[in-house]
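Working notes for the structure below.
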Amino acid sequence: MNPINYLYLAALLFTIGAAGVLLRRNAIVVFMCIELMLNACNLAFVSFSRMHGNLDGQIMAFFTMVVAAAEVVIGLAIIVMIFRSRHSASVDDASLMKL
Amino acid sequence: MSAVADPVTVHSLWTMAAESPDKFKAPDIEYGQLAPTLIVIGAAIVGVLIEALLPRKARYGAQLFTSVLGIAAAFAAVIGLAVGDYGTSKARIAAEGAIAVDGPALFLQGTILLVSLVAVFTFAERRLDPVAHGNRVDSFAAQAAAVPGGDAEKEATKAGFTTTEVFPLLLFAVGGMLVFPAANDLLTLFIALEVFSLPLYVLCALARRQRLVSQEAAVKYFLLGAFSSAFLLFGIALLYGYAGSVTYGRIADVVDGEVADITPALAQTMGNDALLLIGGAMVLMGLLFKIGAVPFHMWTPDVYQGAPTPVTGFMAAATKVAAFGALLRLLYVVLPGLRWDWRPVMWGVAIVTMLAGAIVAVTQTDVKRLLAYSSIAHAGFILAGVIATNEEGVSSVLFYLGAYSFVTLGAFAVVTLVRDAGGEATHLSKWAGLGRRSPLVGAVFAVFLLAFAGIPLTSGFAGKFAVFKAAAEGGAGALVVVGVVSSAIAAFFYIRVIVLMFFSEPRADGPTVAVPSVLTSSAIAIGVAVTLVLGIAPQYFLELAGDAGVFVR
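For the record, the sequence lines run as chains Y and V. Reminder that position 58 of the first sequence reads as 322 in our numbering, one-by-one numbering, no gaps. Reminder that position 193 of the second sequence reads as 196 in our numbering, one-by-one numbering, no gaps.
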């Protein structure tokens with residue numbers, strides 16, 4: 265169990281999340297991809313924590329979870345609000361302000 | 004090789020729990036030195052309680068009183084700390100290494116608090132919107148959850164509802180902003196970023212007029228903001244992996260190779276420059292997003308245009324101050340050993356930011372979008388001071404931030420006054436001849452535009468001069484040339500607006516200028532006063548910023 269492998273997995277998950285944010289068009293899916301990126305960060309934190317033998321990384325992971333939960337509350341509120349007024353959660357439809 | 008058998012990886016994770024609980028040392032928190040933040044957060048919690056307990060009619064007054072009192076008390080606490088030499092000789096790291104109390108932190112906290120106090124005035128303005136069903140209303144939605152144009156919205160408007168929750172939201176954002184430039188470890192940095200971002204996302208969605216645009220701005224800001232903070236967090240993870248610690252001082256020591264207690268794991272990660280370089284770049288990315296520097300600026304025009312104008316003013320002024328404070332501390336405290344790597348990158352970012360901001364602004368037809376692109380150009384000018392990497396660099400950036408934030412807030416406050424039947428008239432064509440019809444408003448806006456352009460006798464000139472001087476002394480002469488060129492381009496469109504206001508015929512169906520209450524009037528008056536005082540007699544404030552220019556490590 266070499267911790268390096270977990271870091272590769274974290275980097276891979278982060279990349280999948282980032283690609284999803286850029287490619288997907290549904291605001292909810294985009295938001296889920298951001299959550300995936302945050303979870304990739306958590307995996308990196310606990311792997312590094314294991315490597316270095318201190319608890320800083322695990323504490324960071326706890327804080328990240330709390331922040332992610334708070335972000336879900338705000339994010340879903342905003343996305344549901346825009347869905348109710350437009351009947352669409354596509355990020356392409358939100359284009360009232362273009363140059 | 005299995006981890007358990009390897010003595011290298013047998014570490015404190017298992018031995019910590021075996022220690023006696025008597026040995027647990029309670030953390031030592033310096034409440035006095037953290038007072039500004041604690042007061043603001045406390046006032047925000049009182050604001051939440053007011054929402055829960057007071058009847059609707061009484062909330063507005065109570066919220067306004069709590070916000071003003073909380074911010075003023077926090078500002079008094081900052082002054083108290085500064086007078087007590089915490090900015091200079093007694094500068095120190097408080098709260099077990101989480102928060103720095105030093106010159107730049109106190110200067111920026113003072114600036115943020117003054118800016119937020121003025122922002123509270125613009126938030127509370129209730130004379131501009133026409134009286135609806137006998138109720139005076141502000142710029143915020145009657146009921147944010149109601150569908151725009153639906154029955155619920157009509158009922159809420161008829162009942163005279165107002166979103167007084169904006170005051171606690173503003174206070175929570177201010178609390179995060181106070182911590183952001185003072186954060187002394189990466190965990191505090193991240194938490195502070197989220198604490199001030201999340202309320203701002205909500206505030207963006209709360210406009211009373213043009214609610215669809217406002218909601219769209221909130222979605223864009225939220226998705227891109229969350230995306231950038233994920234990058235910041237992964238950067239933090241990599242830096243933690245590199246240094247085995249999230250404390251600024253410790254990371255700097257590891258970067259410089261000055262640590263004595265190198266464990267085998269640390270020796271392994273220290274040798275891996277990819278962790279350091281990619282991690283540093285990703286953290287920088289997150290901060291540059293908040294600043295609105297060019298590759299990461301795409302959200303700025305849309306969010307500034309869509310958000311309620313008082314929120315835009317607050318966001319443009321205070322977020323920039325906080326984010327530049329955090330950027331300065333990161334570059335000057337954590338990564339000074341890496342400056343030969345980050346300086347060329349920041350050079351590129353600064354040049355592109357200055358030029359793109361100024362050039363794209365020329366084509367804008369909406370006042371709020373114009374000011375958004377102008378804020379991007381100004382971010383570039385401030386970055387020139389950041390790149391100086393000398394003490395004048397820090398103090399000139401501090402001065403510029405103070406000067407710029409009041410001009411921005413004042414300019415957006417003027418934008419709230421110019422109205423027609425649909426709310427604020429932000430299209431530039433409607434501003435034609437405004438200076439002839441309302442000479443005072445036209446003249447005040449002209450003062451702000453001249454300050455943005457950096458004309459002498461305004462604060463903009465003093466700030467730009469200080470920043471460019473520091474950059475030239477720091478060996479960034481080419482950057483100064485680009486800065487002056489883009490200032491000239493920017494001056495074109497500022498002057499164009501002034502010409503439009505004063506030298507073209509007013510339109511018959513043009514907007515009217517609403518007469519504000521004492522709240523917005525005083526916000527604009529403070530903006531003009533600061534602009535002129537910092538322009539005509541900047542010396543005292545330059546010295547103040549100069550005294551505050553040293554980071555504690």
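C-beta atoms are modelled at their ideal positions from N, C-alpha and C, and glycine is treated no differently.
Looking only at its own chain, which residues have a Cβ that is under 6 Å from the Cβ of V:ALA46, when we skip the five neighbours before and after it?
Here residue 46 of chain V corresponds to residue number 43 of the second sequence, with the count starting at 1. Excluding positions up to five away in sequence, the list reads THR69, GLY73 and LEU174.
Here's the rule: buried if 16 or more other CB atoms are within 10 angstroms of the residue's CB, otherwise exposed. What is V:PRO311?
Counting from one through the second sequence, the residue named residue 311 of chain V turns up at place 308. Buried, because 16 or more other Cβ atoms sit within 10 Å of the Cβ of V:PRO311.
Go to V:ALA103, then tell me how far its beta strand (DSSP E) extends in each direction, as first and last residue.
Within the second sequence, numbered from 1, the residue matching residue 103 of chain V stands at position 100. Here the beta strand (DSSP E) through V:ALA103 covers 102 to 104.
Give a yes or no on whether 8 Å exceeds the smallest Cβ distance from Y:ARG376 to chain V.
What is shown of chain Y runs 265 to 363, which leaves residue 376 of chain Y out entirely.
Hey, could you find the ends of the alpha helix (DSSP H) V:ASP259 is sitting in?
Mapped onto the second sequence, residue 259 of chain V falls at position 256. Boundaries of the alpha helix (DSSP H) around V:ASP259: 251 to 259.
Reduced DSSP category for V:HIS2 - H, G, I as helix; E, B as strand; rest coil
For residue 2 of chain V there is no data in the structure shown, the boundaries of chain V being 4 and 556.
By the 7 Å beta-carbon criterion, what residues does the region 206 to 217 of chain V contribute toward chain Y?
From the region 206 to 217 of chain V, only ALA208, LEU215 and VAL216 have a Cβ closer than 7 Å to chain Y.
Here's a check: name, in chain order, each residue in its chain whose Cβ is nearer than 6 Å to the Cβ of V:MET285, leaving out the five neighbours to either side.
Here residue 285 of chain V corresponds to residue number 282 of the second sequence, with the count starting at 1. Here the set comprises PHE234, PHE237 and GLY238.
Would you say Y:MET361 lies against chain V (beta-carbon separation less than 8 Å)?
For the purposes of this step, residue 361 of chain Y is taken as residue 97 along the first sequence, with counting starting at 1. True, the Cβ-Cβ gap to chain V drops below 8 Å.
When the cut-off is 8 Å and only beta carbons count, does V:VAL397 lie next to chain Y?
Counting from 1 along the second sequence, the entry for residue 397 of chain V is found at position 394. Taking Cβ atoms only, chain Y never reaches closer than 8 Å to V:VAL397, which makes this a no.
In chain Y, what lies closer than 7 Å to V:PRO151 by C-beta?
On the second sequence, residue 151 of chain V is found 148 positions in, with the first residue counted as 1. By Cβ distance, chain Y contributes SER349.
In chain V, which residues lie with their C-beta within 9 Å of the C-beta of Y:MET296?
Residue numbering aside, residue 296 of chain Y sits at position 32 when the first sequence is read from its first letter. In chain order: nothing, as chain V lies at least about 11 Å away.
The region 491 to 498 of chain V touching the region 364 to 379 of chain V, judged by at least three CB pairs closer than 8 Å
These segments touch.
Since V:GLY426 and V:GLN146 should fall inside the 8 Å C-beta cutoff, what is the C-beta to C-beta distance between them, to a whole number of angstroms?
For the purposes of this step, residue 426 of chain V is taken as residue 423 along the second sequence, with counting starting at 1. For the purposes of this step, residue 146 of chain V is taken as residue 143 along the second sequence, with counting starting at 1. That pair is no contact at about 17 Å.
Helix, strand or coil for Y:SER354? Go by DSSP, reduced to three states.
Position 90 of the first sequence holds residue 354 of chain Y. DSSP places Y:SER354 in strand when its eight states are reduced to three.
Tell me the rounded alpha-carbon separation between V:THR166 and V:SER432.
Indexing the second sequence from 1 puts residue 166 of chain V at position 163. Indexing the second sequence from 1 puts residue 432 of chain V at position 429. If I take the Cα positions, the gap works out to 32 Å.
Helix, strand or coil, according to DSSP, for V:GLY153 in the structure here?
Here residue 153 of chain V refers to the residue found at position 150 of the second sequence. Residue state, collapsed to three classes: coil.
V:ALA210 bridges to which residues according to DSSP?
Stepping through the second sequence from its first residue, residue 210 of chain V is reached at position 207. Bridge partners of V:ALA210: V:PHE143.
Could you give the distance in angstroms between the alpha-carbon of V:ALA144 and the alpha-carbon of V:ASP264?
Here residue 144 of chain V is taken as the residue at index 141 of the second sequence, counted from 1. Here residue 264 of chain V is taken as the residue at index 261 of the second sequence, counted from 1. Taking the straight line joining both Cα atoms gives about 57 Å.
Please classify V:LYS371 as buried or exposed, where buried requires at least 16 other C-beta atoms within 10 Å of its C-beta.
Residue 371 of chain V sits at position 368 when you count from the first residue of the second sequence. Buried, since its Cβ has 16 or more Cβ neighbours within 10 Å.
Answer yes or no: does any C-beta atom of chain V fall closer than 8 Å to that of Y:MET345?
What you label residue 345 of chain Y is simply residue 81 of the first sequence in a count that begins at 1. So yes, Y:MET345 belongs to the interface.
Taking all protein chains shown into account, do 16 or more other C-beta atoms lie within 10 angstroms of the C-beta of Y:ILE268, making it buried, or fewer, making it exposed?
Walking along the first sequence from the start, residue 268 of chain Y turns up at place 4. That one is exposed.
At least one CB of chain Y closer than 8 Å to the CB of V:VAL249: is that the case?
Position 246 of the second sequence, counting from 1, holds the residue named residue 249 of chain V. Judged by the 8 Å Cβ criterion, V:VAL249 is in contact with chain Y.
Count the other CB atoms within 10 Å of the CB of V:PRO202; is the residue buried (16 or more) or exposed (fewer)?
Position 199 of the second sequence, counted from the start, is the residue given in the question as residue 202 of chain V. Buried, since its Cβ has 16 or more Cβ neighbours within 10 Å.
At 8 Å on the CB atoms, spell out the chain Y contacts of V:ASP305, in chain order.
The residue you call residue 305 of chain V lines up with position 302 of the second sequence. Per Cβ cutoff of 8 Å: MET361.
Here's the rule I'm using: 16 or more other beta-carbon atoms within 10 Å means buried, otherwise exposed. How should V:HIS2 be labelled?
The displayed coordinates of chain V run from 4 to 556. Any statement about residue 2 of chain V would go beyond what the structure contains.
Output yes if chain V places a C-beta closer than 8 Å to the C-beta of Y:VAL293; else output no.
Locating residue 293 of chain Y in the first sequence gives position 29, where the first residue counts as 1. Not closer than 8 Å to any Cβ of chain V, the Cβ of Y:VAL293 fails to qualify, so no.
Do the region 310 to 323 of chain Y and the region 192 to 211 of chain V touch if we need at least three Cβ pairs shorter than 8 Å?
no
Could you check the C-alpha separation between V:PRO58 and V:ALA127 for me, to the nearest Å?
Walking along the second sequence from the start, residue 58 of chain V turns up at place 55. Walking along the second sequence from the start, residue 127 of chain V turns up at place 124. Straight-line Cα distance between these residues: approximately 18 Å.
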